[in-house]
Structure formats: structure tokens, C-alpha cells
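In UniProt numbering, the protein residues as written are 1 to 348.
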DNA sequence: AACTCGGGGTC
DNA sequence: GACCCAGAGTT
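Here it is as C-alpha cells:
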């Protein structure tokens, strides 16, 4: 039996049953694939259901407001995925007459769709022979074939891509892609892989050379930087002063509370002397609401503190991105996790 | 090639 | 705390 036949045989017995696997509709497949980028199946599942329900076809998606899409995406992270999806949907309407493309060469042109997602959509929808290369495939191939090239290097990506494309089934490439990814997720897991019951025990290079825990190899990236955020809760007549973030930084376009960022940790007295604080909130009392909250992102550690602004008759200089939002309308705004966790806890 | 972009699970 | 997850876009 070939590698492909073996892995498909494993999959038909032990694979997962997932809602997007029962369709050939490229739009539904696209929805699931974007949601699952760098996201666990269990984390993405509820979002998949809400998106399919609210936007059952690409026309509905294209017609939506970006704010509504972001709000539905709220809490999932990597928010540029949602914005790119909106742009992609509009282009499907304009350039493909609303028919979501299926060919690799077509879908890879759309924003938010790279090599992995193009291979997934084209192989799942029309069985185009395009091997997917995701974290699971890297791991399975690195171990089975004993490849120690870093998976995040240019050479490594090329070698793994060629190998994956060599191994893929001629007759059922879509099934093969599903199978190898499920195999990586369930059997050939990053930690505690199930080698004792593995169908590749006899030929797996890593297993036979006792190198399972060394593979795959990945070169380390830069260490996270630390940032210190100070958020201000200012309530006025059942409304809360909210701020919309810009395009450049994390959480682009999402709503939060007015923010002052400092280079280092500062206490309340220092914060009240900060030039931005004086510019906007001079004269107000500052009541710390909680201690320091550490919010970890993949590339930065955010140390956040929240303060209540008291006895502030009016904000002196209101930034353009600041607006009062009635508390009953807070749910209409797409907020990032740090903020909606805070609001859920401290605002009734 | 290196950096940036979230949030959550596992060990 | 370190690593990983159905990766992609920008510099």
C-alpha cells in the first residue's frame, strides 16, 4: 500500500466528522478554512456555525457591513482574516459574478487566501490535485521521513511542499488532504503522539531513530515585547466613552476604552502627570478598578490596568476616535477580548 | 527572510 | 513558560 492509501485507510476508520466536510460548496469550505487558520477546530466550530447561519452565501457576506462581520468574529483573533474575507467576497461578486471560484489559480488571487487555503478549497471542492501544507502535514512528513530542515525556512517549505505534492493521491486528492491533516491532529500529535498504535510504526524514521520529540524542527522567532496599557472608564448618563483603534497596531478597527500606553510600569500618581492624561482628563480623579492584568498575544505581552474617571464634568480634548456609547448598545460594537472581558465583568 | 497579526489549549 | 493550532500579508 502506498503512503496515500494507508493514510486514507486510517482516515476512513478514525477520522473526525466535521460539518464542513459534507459539502463541496467552495463558499462554505472557504468560510471554514479561513476560520481555522491558526485556530483549533474546537475553537472555530461555534464561529463556523454562526457565520453559515448569518451569511449562508457569498452575496450575503459581500452585502454585510464590515462592523457586523467583525462583531461576529469578535474573540477569535487575527482580525485581518475577517476584513480580508469581506474584501474577497466583494471581489467574488464583481469578478466571478457571485460564483465562488474553485480552481487553485483563481482562489489564490483572493485576499486572505494563501497557498494552504487555495490548495484546501480547490482539492475539497473539485478534487484539484494540490497538496495542503499546514502544521499537521509538516509534522507528519518531518517525522515519517526524518526531515530535519526547519519548517519555517524557505528551503524547508520548498522540500516539504515537493514531498507533499509527490505523496498526494491521484484519484482522491481532497480525501488525501483531509486524511493527512486529521492524522496529524489525532495520531501524530505535537506532544504525546500515539506511536504505539501508529500505522507507520515500521517505516517512520523518527520513531525508529527515537527522534519523534525532535521533529519537526522550527527556528525560534523574536521574543515578545512588553507593553503597558492604561484604560479609562468614563461613564456619563448611562453612556460609556469608547474608542476605536486605528489600522496599524494590534486589534485594528476594533473598539475599546480610551487608552494611554506607557513605556514602563507607572503608578497612579505618575499616570496623572502623563501629558495625554492632562490633555484629556485634567482635573479628574483616578480610581484603579483592578490590579495588573496580563494579556498574552503571540508576539507581545500586554500589561493592562483599568481606572474609573470620577468627577470629570467633560473630557477636555476629545479625540476623533472617541464617542459615547449607550450601555445598551455596547453589544453592537466589535471589541477585542481584553475589553469585552473587562466590560462583562464590571458593567452590568 | 524576518516581522506582525489573537486567543486558547496542552504539557 | 514553551510550544502549537486546517496561515497570510507586509516590509
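For glycine and all other residues, C-beta sits at the position ideal for the given N, C-alpha and C.
Since we're looking at a predicted model, the values are computed, not measured.
Exercise. Taking residue 127 as the reference, which of 30, 158, 170 and 19 has the closest Cα?
Worked result: Closest by alpha carbon: 170.
For this session: Pull up the CB-CB distance for residue 48 and residue 31, whole angstroms please, since I reckon it's below 8 Å.
Result: Contact between residue 48 and residue 31 holds, with the beta-carbon distance rounding to 6 Å and staying under 8 Å.
For this session: Pull up the distance between the alpha-carbon of residue 98 and that of residue 27, whole angstroms please.
Result: C-alpha separation (whole angstroms): 10 Å.
Problem set entry | Complete runs of the alpha helix (DSSP H) confined to the region 253-339 [at least 4 residues] | Taken in chain order, the whole alpha helix (DSSP H) runs of length 4 or more contained in the region 253-339 are 268-273 and 275-281.
Problem set entry | Per-residue burial, residue 1 [other beta carbons within 10 Å of its own, 16 or more giving buried] | Here residue 1 is exposed: its Cβ has fewer than 16 other Cβ atoms, across all protein chains shown, within 10 Å.
Exercise. With distances taken between CB atoms, is the gap from residue 233 to residue 340 smaller than 8 Å?
Worked result: For residue 233 and residue 340, no; Cβs fall outside 8 Å.
Exercise. For residue 46, which option in 59, 73, 61 and 63 has the closest C-alpha, if you only look at C-alpha atoms?
Worked result: The shortest Cα separation from residue 46 among 59, 73, 61 and 63 belongs to 73.
Problem set entry | Terminal residues of the beta strand (DSSP E) in which residue 242 lies | For residue 242, the enclosing beta strand (DSSP E) starts and ends at 239-244.
For this session: Within its chain, find whatever has a CB closer than 7 Å to the CB of residue 295; leave out the 5 residues flanking it on each side and keep chain order.
Result: Setting aside the 5 residues that flank it on each side, residue 295 is surrounded in the same chain by 302, 304 and 338, each with a C-beta closer than 7 Å to its C-beta; the list follows chain order.
Problem set entry | Length of the line joining the Cα atoms of residue 311 and residue 230 | Per the coordinates, the alpha-carbon of residue 311 lies some 18 Å from the alpha-carbon of residue 230.
Problem set entry | Sequence-distant residues of the same chain with beta carbon closer than 7 Å to residue 112, five excluded per side | Cβ within range, chain order: 34, 81, 84, 85 and 88.
For this session: Express the C-alpha separation of residue 174 and residue 18 in angstroms, rounding to a whole number.
Result: Rounded to the nearest angstrom, the two C-alpha atoms are 15 Å apart.
Problem set entry | Reduced DSSP category for residue 100 - H, G, I as helix; E, B as strand; rest coil | Of the three classes helix, strand and coil, the one that applies to residue 100 here is coil, per DSSP.
Exercise. Nearest to residue 308 by alpha carbon, out of 121, 154 and 271?
Worked result: Of 121, 154 and 271, the residue nearest in Cα terms is 271.
Problem set entry | Residue from 291, 292, 290 and 269 with nearest C-alpha to residue 283 | Looking from the CA of residue 283, the closest CA among 291, 292, 290 and 269 belongs to 269.
For this session: Answer yes or no: do residue 142 and residue 190 have a C-beta to C-beta separation smaller than 8 Å?
Result: Cβ atoms of residue 142 and residue 190: not closer than 8 Å.
Problem set entry | residue 233 - DSSP class collapsed to helix/strand/coil | Strand, per DSSP.
Exercise. Under 8 Å between the Cβ atoms of residue 349 and residue 60?
Worked result: The question about residue 349 has no answer, for the chain in this structure spans 1 to 348.
For this session: Could you check what DSSP says for residue 127 in three-state terms: helix, strand or coil?
Result: Three-state DSSP puts residue 127 in coil, outside helix and strand.
For this session: Compute the distance between the beta-carbons of residue 241 and residue 258, then report whether it is under 8 Å.
Result: Taking 8 Å as the Cβ cut-off, residue 241 and residue 258 qualify as a contacting pair.
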